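*Asks:* Numbering (mature numbering (1 follows the signal peptide of the UniProt record, and there is no 0)), first residue to last: -38 to -1, 1 to 397.
There's a structure below that I have some questions on.
Next up, the structure:
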């Protein structure tokens, strides 16, 4: 059954429900029908070394993946334990996208859709496309399977409460077979943009009024997606971008000007550091593009067992493992390790452009170790011609900025949806949060 026929069936079913019961009919059941698409490729065979498996059969598409990205393959109801309190309907999704590493091969990607309670407004609910932070690299770490942090649950509920539908990609290879290219901005961008395409093509009650919203890894993804959208998904009406905790791989000339950057990461190298979990994910991701890269050239012998654990462990568990193993920078990372990872860093974290057509909100925690780079991104994007509204929140670290920034990001989004001008703030002054 073609996607347009499914949409018609959903619309007819929705029309039969009583007022105030929008999508009370089992929407998911209407979307799991067998679809007919132009042939593309097949999903890769599961690879335990890439953390594949231990999720339900829903995540593996056995047929040929459509050549057209952004087609909804199937959906099912999310279990209540994985849902959001402010959602009237919540679905697990499987849709087609494009491999962001090679840039050509069709892939299947999982995610979730959350619809507000009640009936959609005239024209449909605007869409927040959510880019999550790091959860891990194994399939079981996909948020649509594993669940979300309290921080993210609170944050996404706020957007639902304000009348936004939320579509949340899991990213390439997270949930579905194949490697998860951790921190690959192009890959994360494609999967995010295609999640919007998939729901717009198949789910009634949505408006092509899109805001890209993300934190940390997702903050980088949404900034990149805003740049890729004009060529990869030009039909999407991207009204604005909200990015917090952005990871910015700044050019050398920018790094040379960042005096605070030289002290931002000063810490006792012998102190046990659970955040070394991110280092293990970086090594696995770097090996995807350079199989000849030896982990033993980057990590000490005492750290290698935790690297193997990182293939199957999600972030919180891996942080516990790193701490229990007594890992510190001194006994984990070999000298020159970052230089060996630089090629991966440059390839995966690059932005297609700093000149974004729609306005960008950047939320920065003043106590975030990444703050100097985030401030640099605001300046560099402004210099490139992007309308940037940046905010610097006193006393907030990397995670604390997410919900704090709602006091400013919600008014920003209302402005861009209404077509009102945004006053650029390229060098924000530290402000006291209201909450």
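Note that beta-carbon positions come from the ideal geometry of N, C-alpha and C, so glycine has one too.
All values derive from a computational prediction rather than experimental measurement.
From residue 309 to residue 81, what does the alpha carbon distance come to, in whole angstroms?
*Replies:* Start at 1 with the first residue of the chain shown, and residue 309 comes out as number 347. Start at 1 with the first residue of the chain shown, and residue 81 comes out as number 119. Roughly 44 Å between the two C-alpha positions.
*Asks:* Under the three-state reduction of DSSP, which class applies to residue 23: helix, strand or coil?
*Replies:* In the chain shown, the residue the question calls residue 23 occupies position 61. Of the three classes helix, strand and coil, the one that applies to residue 23 here is coil, per DSSP.
*Asks:* Which residue spans inside the stretch 184 to 240 form an unbroken alpha helix (DSSP H) run of at least 4?
*Replies:* With a minimum length of 4 residues, the continuous alpha helix (DSSP H) runs that stay inside the stretch 184 to 240 are 214 to 217, 223 to 226.
*Asks:* Helix, strand or coil for residue 4 per DSSP?
*Replies:* In the chain shown, counting from the first residue as 1, residue 4 sits at position 42. Three-state DSSP puts residue 4 in coil, outside helix and strand.
*Asks:* Could you give the DSSP three-state label for residue 75: helix, strand or coil?
*Replies:* The residue given as residue 75 occupies position 113 in the chain shown. If DSSP states are grouped into helix, strand and coil, residue 75 belongs with the strands.
*Asks:* Taking only the alpha-carbon atoms, compute the straight-line gap between residue 358 and residue 327 and give it to the nearest angstrom.
*Replies:* As a working mapping, residue 358 is identified with position 396 in the chain shown. As a working mapping, residue 327 is identified with position 365 in the chain shown. The alpha-carbon atoms of residue 358 and residue 327 are separated by roughly 5 Å.
*Asks:* Could you check what DSSP says for residue 384 in three-state terms: helix, strand or coil?
*Replies:* Start at 1 with the first residue of the chain shown, and residue 384 comes out as number 422. In this structure, residue 384 counts as coil in the three-state DSSP scheme.
*Asks:* On the DSSP bridge list, what partners appear for residue 57?
*Replies:* Counting from 1 along the chain shown, the entry for residue 57 is found at position 95. Per DSSP, 34, 71.
*Asks:* Evaluate the contact criterion for the stretch 190 to 210 versus the stretch 315 to 324: three or more CB pairs, one atom per stretch, below 8 Å.
*Replies:* Enough Cβ pairs lie closer than 8 Å, so yes.
*Asks:* Would you kindly report the start and end of the unbroken beta strand (DSSP E) that includes residue 356?
*Replies:* Counting from 1 along the chain shown, the entry for residue 356 is found at position 394. That residue, residue 356, is in no beta strand (DSSP E); it is neither H nor E in DSSP.
*Asks:* With a threshold of 7 Å (Cβ to nearest heavy atom), would residue 88 be considered close to the ligand SAM?
*Replies:* The ligand SAM is absent from the structure shown, which contains no ligands of any kind.
*Asks:* So which of 6, 75, 251, 235 has the shortest CA-CA distance to residue 307?
*Replies:* Working through the chain shown from its first residue, we reach residue 307 at position 345. Ranking 6, 75, 251, 235 by Cα distance to residue 307 puts 251 first.
*Asks:* Taking Cβ to Cβ, would you say residue 48 is nearer than 8 Å to residue 134?
*Replies:* Residue mapping note: residue 48 aligns to position 86 of the chain shown, counting from 1. Residue mapping note: residue 134 aligns to position 172 of the chain shown, counting from 1. Not in contact: residue 48 and residue 134 (Cβ atoms no closer than 8 Å).
*Asks:* Report yes if the C-beta distance between residue 210 and residue 335 is below 8 Å; otherwise report no.
*Replies:* For this step, residue 210 is matched to residue 248 along the chain shown. For this step, residue 335 is matched to residue 373 along the chain shown. The answer is yes: Cβ separation under 8 Å.
*Asks:* Using CA coordinates, which residue listed in 256, 254, 233, 280 is at the minimum distance from residue 239?
*Replies:* On the chain shown, position 277 is the one that residue 239 refers to. Closest option to residue 239, Cα to Cα, is 280.
*Asks:* Considering only the beta carbon of each residue, do residue 154 and residue 91 sit closer than 8 Å?
*Replies:* On the chain shown, residue 154 is found 192 positions in, with the first residue counted as 1. On the chain shown, residue 91 is found 129 positions in, with the first residue counted as 1. Taking 8 Å as the Cβ cut-off, residue 154 and residue 91 qualify as a contacting pair.
*Asks:* Compare the C-alpha of residue 58 against each of 3, 46, 17 and name the closest.
*Replies:* As a first step, residue 58 must be located in the chain shown, where it is residue number 96. Among 3, 46, 17, the Cα nearest to that of residue 58 is on 3.
*Asks:* How about residue 331 and residue 156: are their beta carbons less than 8 Å apart?
*Replies:* The residue labelled residue 331 in the question sits at position 369 within the chain shown. The residue labelled residue 156 in the question sits at position 194 within the chain shown. Not a contact, by the Cβ cut-off of 8 Å.
*Asks:* Label residue 117 either buried or exposed according to how many other C-beta atoms from any shown protein chain fall within 10 Å of its C-beta, with 16 as the threshold for buried.
*Replies:* For this step, residue 117 is matched to residue 155 along the chain shown. It counts as buried.
*Asks:* Would you decide whether residue 17 is buried or exposed? Buried here means 16 or more other CB atoms lie within 10 Å of its CB.
*Replies:* Reading the chain shown from its first residue, position 55 is the one you call residue 17. The residue in question, residue 17, is buried, as its Cβ has 16 or more Cβ neighbours within 10 Å.
*Asks:* Classify residue 334 as helix, strand or coil using the three-state DSSP reduction.
*Replies:* Position 372 of the chain shown, counted from the start, is the residue given in the question as residue 334. Residue 334: helix per DSSP, three-state reduction.
*Asks:* Taking its Cβ as the centre, do 16 or more other Cβ atoms sit within 10 Å of residue -3, making it buried, or is it exposed?
*Replies:* By 1-based counting over the chain shown, the position of residue -3 is 36. At residue -3 the pLDDT is 49, less than 50, meaning the model places this residue with poor confidence; the figure from the coordinates comes in the next sentence. Looking at its Cβ environment, which holds fewer than 16 other Cβ atoms inside 10 Å, residue -3 is exposed.
*Asks:* Using C-beta distances below 7 Å, list every residue in its chain close to residue 409, excluding the 5 sequence neighbours before and after it, in chain order.
*Replies:* A query on residue 409 cannot be resolved here, the shown segment of the chain reaching from -38 to 397 and no further.
*Asks:* Taking only runs that begin and end inside the stretch 77 to 165, name each unbroken alpha helix (DSSP H) of 4 or more residues, in chain order.
*Replies:* Correct list: 105 to 108, 112 to 123, 147 to 164.
*Asks:* Pick out whichever of 140, 388, 360 has its Cα sitting closest to the Cα of residue 67.
*Replies:* As a working note, residue 67 is residue 105 in the chain shown. Closest by alpha carbon: 140.
*Asks:* Can you round the beta-carbon distance between residue 72 and residue 106 to whole angstroms, since I take them to be within the 8 Å contact cut?
*Replies:* For the purposes of this step, residue 72 is identified with residue 110 of the chain shown, where counting begins at 1. For the purposes of this step, residue 106 is identified with residue 144 of the chain shown, where counting begins at 1. Yes, they are in contact, since the Cβ atoms of residue 72 and residue 106 sit about 5 Å apart, within 8 Å.
*Asks:* Does the Cβ of residue 84 have 16 or more other Cβ atoms within 10 Å, making it buried, or fewer, making it exposed?
*Replies:* Position 122 of the chain shown, counted from the first residue, corresponds to residue 84. Under this definition residue 84 is an exposed residue.
*Asks:* Using 8 Å as the threshold, is the C-beta distance between residue 289 and residue 235 below it?
*Replies:* In the chain shown, the residue the question calls residue 289 occupies position 327. In the chain shown, the residue the question calls residue 235 occupies position 273. Yes; because the gap between Cβ atoms is below 8 Å, this pair is in contact.
*Asks:* In angstroms, rounded to a whole number, what distance separates the CA positions of residue -10 and residue 229?
*Replies:* For the purposes of this step, residue -10 is taken as the residue at position 29 of the chain shown. For the purposes of this step, residue 229 is taken as the residue at position 267 of the chain shown. Any reading at residue -10 must be qualified, since the residue scores a pLDDT of 43, below 50, and its modelled position is unreliable; the value itself is stated next. Cα to Cα, residue -10 sits roughly 53 Å from residue 229.
*Asks:* Are the Cβ atoms of residue 318 and residue 343 separated by less than 8 Å?
*Replies:* As a position in the chain shown, residue 318 is number 356, starting the count at 1. As a position in the chain shown, residue 343 is number 381, starting the count at 1. Yes, the pair counts as a contact, with Cβ atoms nearer than the cut-off.
*Asks:* Between residue 377 and the rest of its own chain, which residues show a CB-CB distance below 6 Å, the 5 nearest in sequence each way excluded?
*Replies:* Within the chain shown, numbered from 1, the residue matching residue 377 stands at position 415. 384.
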